[in-house]
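Trainee: Protein chains in written order, with my numbering: chain A, 44 to 273; chain B, 44 to 273; chain C, 44 to 273; chain D, 44 to 273.
In this text, a Cβ means the ideal position worked out from N, Cα and C, and glycines have one as well.
Since we're looking at a predicted model, the values are computed, not measured.
Questions regarding the structure given below will be posed in turn.
4 protein chains.
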Amino acid sequence: MKTAATSSLRSPRTAVRPVRDAERTKATILAAAVREFARHGLGGARVDRIASLAGSNKRMLYYYFSSKEKLFLAVLEKTYADIRTAEQALNLLDASPTEGVRRLIEFTWKYFIAHPEFLTLLNSENLHQARHLKRSKRIREMNSPLIETLGTLLARGRRDGSFRSGVDPLQLYISIASLSYFFLSNRHTLAQVFGPALFSTAQRDIRLEHMTALVLGYLVRPQAGATIRR
Amino acid sequence: MKTAATSSLRSPRTAVRPVRDAERTKATILAAAVREFARHGLGGARVDRIASLAGSNKRMLYYYFSSKEKLFLAVLEKTYADIRTAEQALNLLDASPTEGVRRLIEFTWKYFIAHPEFLTLLNSENLHQARHLKRSKRIREMNSPLIETLGTLLARGRRDGSFRSGVDPLQLYISIASLSYFFLSNRHTLAQVFGPALFSTAQRDIRLEHMTALVLGYLVRPQAGATIRR
Amino acid sequence: MKTAATSSLRSPRTAVRPVRDAERTKATILAAAVREFARHGLGGARVDRIASLAGSNKRMLYYYFSSKEKLFLAVLEKTYADIRTAEQALNLLDASPTEGVRRLIEFTWKYFIAHPEFLTLLNSENLHQARHLKRSKRIREMNSPLIETLGTLLARGRRDGSFRSGVDPLQLYISIASLSYFFLSNRHTLAQVFGPALFSTAQRDIRLEHMTALVLGYLVRPQAGATIRR
Amino acid sequence: MKTAATSSLRSPRTAVRPVRDAERTKATILAAAVREFARHGLGGARVDRIASLAGSNKRMLYYYFSSKEKLFLAVLEKTYADIRTAEQALNLLDASPTEGVRRLIEFTWKYFIAHPEFLTLLNSENLHQARHLKRSKRIREMNSPLIETLGTLLARGRRDGSFRSGVDPLQLYISIASLSYFFLSNRHTLAQVFGPALFSTAQRDIRLEHMTALVLGYLVRPQAGATIRR
DNA sequence: TATGAATGAGAATTCATTCAT
DNA sequence: TATGAATGAATTCTCATTCAT
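Below you can see the structure in the form of structure tokens.
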């Protein structure tokens with residue numbers, strides 16, 4: 044009876060009965076948790092909702108993750124792991140310094156757009172003063188390769204005369220992230236204050252262009268011969 | 044007994060000036076709410092804690108603010124009103140375009156440092172998709188004068204040749220806010236990932252310098268005569 | 044029967060509506076908790092049951108006692124306070140040493156019969172290794188006056204030749220408690236093993252006589268002149 | 044993979060002797076259950092903990108014992124069987140009546156010290172009003188031989204003039220058990236109230252001496268010739 | 001205006017037990 | 001025989017809100 048009801052809800056082929064596949068169940072719960080925590084924050088997330096979102100039940104959640112807090116940590120770890128993986132696919136050093144920086148800006152922008160959960164989860168974790176991150180060896184070991192890559196790009200650009208000197212790669216990296224982050228993370232209040240047009244698809248390109256112009260306008264030295272006249 | 048003692052402490056006769064207790068109680072609760080919502084977000088904030096933080100009681104809170112949500116809205120309105128007031132004290136148009144922009148960056152940076160609650164409250168409101176802001180006529184009427192001021196600065200700079208052309212004041216305003224916001228709002232996770240040294244007082248100045256260099260490096264045209272040679 | 048008894052407790056005149064008498068509500072909850080913990084032990088007791096037994100609700104229980112564990116502690120404290128009060132009403136020193144000891148035995152026996160909760164609560168607390176008692180300053184300060192009283196009786200008896208010498212009052216006190224405690228605390232298993240007749244009202248007197256004979260038979264020296272012959 | 048590895052470790056071929064795993068598993072679970080129920084009582088015991096304590100799993104526990112309650116019953120039966128076995132090794136009738144009683148006291152004392160689980164399990168069963176015992180034919184058939192033995196000792200002692208008359212062997216048996224039981228079962232609260240020194244090893248001997256003196260002081264008639272004079 | 005008492009609905013977490021392999 | 005996965009029903013505890021004085 045119960046089985047019938049349940050099976051009608053879920054397609055017979057995929058999940059008629061309990062999965063009995065630990066890894067899969069765990070992954071499903073984790074994915075549901077990512078959505079829930081991203082949408083409602085740590086405090087606002089509901090364990091019940093995560094379980095039913097995952098097509099599982101609360102008990103399984105505790106079976107695999109022990110507590111809501113630890114589940115949140117697992118979510119953070121997955122989120123960090125995901126972005127690190129995406130970063131590794133970037134080959135910024137294949138291009139010219141200018142092109143490399145341009146691609147980094149674009150990557151950041153597009154990643155944040157494709158993964159809005161990253162922004163809200165990070166906000167949540169900061170609201171809690173990075174309490175969970177502090178306890179996670181895993182995350183602390185996941186260093187982003189991008190700071191070093193950006194450092195290499197800056198050095199190359201300086202050497203070939205295209206970039207100005209004296210730029211700290213960490214500060215610049217943070218600035219690049221900032222420009223995308225703020226715009227997307229605060230889109231609801233920004234839309235309210237400056238009008239929803241700001242978030243049309245056309246405006247998205249405009250924002251990307253602006254950010255690129257800002258960063259490259261700062262970095263790139265006017266080329267020789269490009270004498271500036273009045 | 045206790046009541047008598049308490050009331051004598053707050054009795055109009057002993058107060059220095061005939062302060063309206065009602066207004067004072069309301070303000071105290073609001074101030075406590077700002078702290079609580081800033082610290083814990085909307086979901087994590089506790090009505091009990093606000094009441095006791097205010098040295099008052101829950102009944103008063105409901106008496107003046109009707110519900111937790113409306114109290115949150117009041118908090119947002121106060122927070123926006125505060126920053127608008129601070130912005131009005133700025134006289135960016137008294138200075139040169141370059142100096143005006145520099146001051147705007149500095150103001151933003153320092154305001155965010157002095158008012159960390161602004162950042163977390165905004166994050167909270169965005170988590171809730173600006174649900175409260177949408178309902179607040181008051182906030183929507185509180186337009187920031189800075190976009191227009193920045194537009195004027197950009198136009199002046201363009202005219203006097205110091206600034207590049209084609210810069211959208213809104214985009215630039217958002218970028219300026221971004222650079223401070225991200226760094227401060229995510230300080231806990233950033234400290235965890237890049238080390239706590241990033242947030243020493245010395246580093247603060249470095250961040251401000253970097254942001255200023257970035258924005259002005261982009262905006263300011265190399266001066267005439269500053270010919271670039273091989 | 045039970046309904047009648049219960050409803051009389053809540054007669055319309057006394058508690059039709061919420062009591063709004065903090066002390067009374069608290070006391071009612073505490074009384075209900077004594078019953079529930081005594082019946083089911085700490086682990087087996089149900090917070091819901093306590094609340095409804097008290098004609099109140101769970102929330103009030105937490106309002107006044109913070110947690111199940113702290114409520115249990117309050118119950119222990121009350122239980123200890125009760126027996127100490129009862130002990131203070133005893134005037135053992137008014138009687139002869141023999142009579143004094145007899146009365147102590149009788150008091151212990153009757154108190155344990157009248158207060159079966161004392162036995163089970165003590166068992167529970169010992170199961171938990173006196174975890175709660177350790178935290179209770181109140182209980183540690185509630186010293187029983189009976190050890191000292193018993194010491195005085197023993198000294199007097201020794202002096203007037205009625206009691207043997209070399210008896211440690213603490214050991215004897217513990218033994219007196221033991222004799223009643225074991226019989227009553229284990230009555231269910233004893234009845235199962237030795238038959239329920241052991242707990243008839245007639246047998247109760249027999250037990251009291253036996254315990255008195257045992258203790259006094261040990262303490263009291265055969266009187267002079269009562270020569271023992273073959 | 045993991046399963047294969049595990050089962051190969053326990054395969055009959057690698058075991059030293061061809062032990063019947065079934066019996067062993069059952070015994071291991073039972074032993075673990077004794078500990079767990081003794082420590083936490085019936086209500087506080089956790090099926091999970093028993094399984095992992097036994098190095099086994101919950102399914103096996105249910106396979107062999109059907110339910111938590113039945114497992115508790117099995118534990119009680121084992122506990123009773125153990126003490127009956129130990130009692131049978133006593134040969135109290137080999138000695139003089141006085142010596143026989145002395146040995147019985149000592150045996151009780153030492154058995155309770157060596158088997159603290161007996162005390163807590165009995166307390167648990169009494170908290171549940173001997174519910175399980177009532178259902179166990181096995182236990183009801185396991186009569187203690189000691190009542191009869193004690194009866195014989197008392198009769199002999201009366202006949203040879205060493206013991207007083209009119210002593211009910213059951214009452215005395217219960218008293219002897221009481222004196223050890225109470226002291227040991229309530230050791231945690233007693234230590235809290237009277238200080239931990241009461242449970243030093245030295246004090247243990249003092250307690251045994253006291254109990255023996257008490258019982259024999261009551262039982263033994265002053266010897267003939269030991270006329271009491273003025 | 002002020003305050004402590006009271007509450008229902010809901011939150012996280014736990015538990016004994018069963019299922020599938 | 002053995003094992004990990006799965007679950008419904010409780011269980012403790014929390015929270016925003018309202019009531020009585």
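1. Under 9 angstroms between beta-carbons, which chain D residues line up against Tyr224 (chain C)? List them in chain order, please.
2. Please name the residues in the stretch 117 to 136 of chain B whose beta-carbon is closer than 7 angstroms to at least one beta-carbon of chain A, in chain order.
3. Taking only beta-carbon positions, decide if Arg250 (chain B) is within less than 8 angstroms of chain A.
4. For the pair the stretch 155 to 172 of chain D and the stretch 72 to 87 of chain D, tell me if three or more CB-CB distances fall below 8 angstroms.
5. May I ask which residues mark the beginning and end of the alpha helix (DSSP H) holding Thr201 (chain A)?
6. Which residue comes first and which comes last in the alpha helix (DSSP H) that contains Val258 (chain C)?
7. Within 8 angstroms (strictly less), CB to CB, does Gly143 (chain D) reach chain C?
8. Would Gly115 (chain A) pass as an interface residue toward chain B - the criterion being a Cβ-Cβ separation below 8 angstroms?
9. What does a CB cutoff of less than 7 angstroms around Ile148 (chain C) pick up in its chain, not counting 5 residues either side in sequence?
10. With 16 other CB atoms within 10 Å as the buried threshold, where does Thr122 (chain D) fall?
11. Report, in whole angstroms, the separation of the C-beta atoms of Gly200 (chain C) and Leu262 (chain C), which I expect to be a contact under 8 angstroms.
12. Can you pull the chain C residues whose beta carbon is under 8 angstroms from the beta carbon of His83 (chain D), in chain order?
13. Tell me the residue span of the alpha helix (DSSP H) that contains Phe145 (chain C).
14. Assign Met44 (chain D) to one of three DSSP states: helix, strand, or coil.
15. Hey, Gln235 (chain C) and Arg102 (chain D) are a contact pair by Cβ (cut 8 angstroms); roughly how many whole angstroms apart?
16. For Phe150 (chain B), which residues from the same chain have a beta carbon less than 7 angstroms from its beta carbon, with the 5 sequence-adjacent residues on both sides left out?
17. What does DSSP give as the partner residue(s) for Phe206 (chain C) in the beta ladder?
18. Return the first residue and the last residue of the alpha helix (DSSP H) that Met103 (chain C) is part of.
19. Can you check which of these residues, D:Ala94, D:Leu251 and D:Gly194, is closest to Thr71 (chain D) by C-alpha distance?
20. Taking CB distances under 8 angstroms as the criterion, tell me whether Phe237 (chain C) reaches chain D.
21. Using the three-state DSSP reduction, which class does Asn169 (chain A) fall into: helix, strand or coil?
22. Look up Ala65 (chain C) in the DSSP assignment and say whether it is helix, strand or coil.
23. Less than 8 angstroms separating the beta-carbons of Leu196 (chain C) and Leu135 (chain C)?
24. What does a CB cutoff of less than 6 angstroms around Phe242 (chain B) pick up in its chain, not counting 5 residues either side in sequence?
25. How long is the line joining the alpha carbons of Asn100 (chain B) and Ala117 (chain C), rounded to whole angstroms?
26. Quick one: using the 10 Å Cβ neighbour count with 16 as the cut-off for buried, is Ser228 (chain A) buried or exposed?
27. Quick check: what's the CA-CA separation for Thr192 (chain D) versus Leu119 (chain D)?
28. Could you tell me the distance, in whole angstroms, from the CA atom of Ser110 (chain C) to the CA atom of Leu73 (chain C)?
29. Can you tell me which of the three DSSP states Leu133 (chain B) falls into?
30. Does Lys69 (chain B) pass the burial test, meaning 16 or more other C-beta atoms within 10 Å, or should it be called exposed?
31. Tell me the DSSP secondary structure of Asp297 (chain B) in three-state form.
32. Between which two residues does the alpha helix (DSSP H) harbouring Ala240 (chain A) extend?
33. Check distances from the C-beta atoms of the stretch 202 to 214 of chain D to those of chain C and list, in chain order, the residues that come in under 9 angstroms.
34. Can you tell me whether Lys97 (chain D) is helix, strand or coil according to DSSP?
Mentor: According to the data block:
1. Ser221, Tyr224, Phe225, Ser228 and Asn229
2. none
3. yes
4. yes
5. According to the sequence provided, residue 201 (chain A) is Arg. The question's Thr does not apply to it. Where Arg201 (chain A) is concerned, the enclosing alpha helix (DSSP H) stretches over Leu189 to Arg202.
6. Thr244 to Leu262
7. no
8. The sequence shown places Phe at residue 115 (chain A), rather than the Gly named in the question. It does not; no Cβ of chain B falls within 8 angstroms.
9. Ile219, Met254, Thr255 and Val258
10. buried
11. 7 angstroms
12. Gly86 and Leu170
13. Note that residue 145 (chain C) corresponds to Arg in the displayed sequence, not to Phe. Unbroken alpha helix (DSSP H) run through Arg145 (chain C): Pro140 to Ala157.
14. Unreliable placement is indicated for Met44 (chain D), whose pLDDT of 32 sits below 50; the coordinate value is still reported in the next sentence. It is coil, neither helix nor strand.
15. Contact flag wrong, Cβ pair sits at about 32 angstroms.
16. Leu133
17. C:Val263
18. Lys101 to Phe108
19. D:Ala94
20. yes
21. helix
22. helix
23. yes
24. Arg230 and Ala234
25. 27 angstroms
26. buried
27. 24 angstroms
28. 13 angstroms
29. coil
30. buried
31. With chain B covering 44 to 273 only, the question about residue 297 (chain B) has no answer from this structure.
32. Careful: Ala240 (chain A) lies outside any alpha helix (DSSP H) and carries neither H nor E.
33. Gly204, Arg207, Gly209, Val210, Asp211, Leu213 and Gln214
34. Sequence inspection shows Ala at residue 97 (chain D); the Lys mentioned does not correspond to that position. DSSP places Ala97 (chain D) in coil when its eight states are reduced to three.
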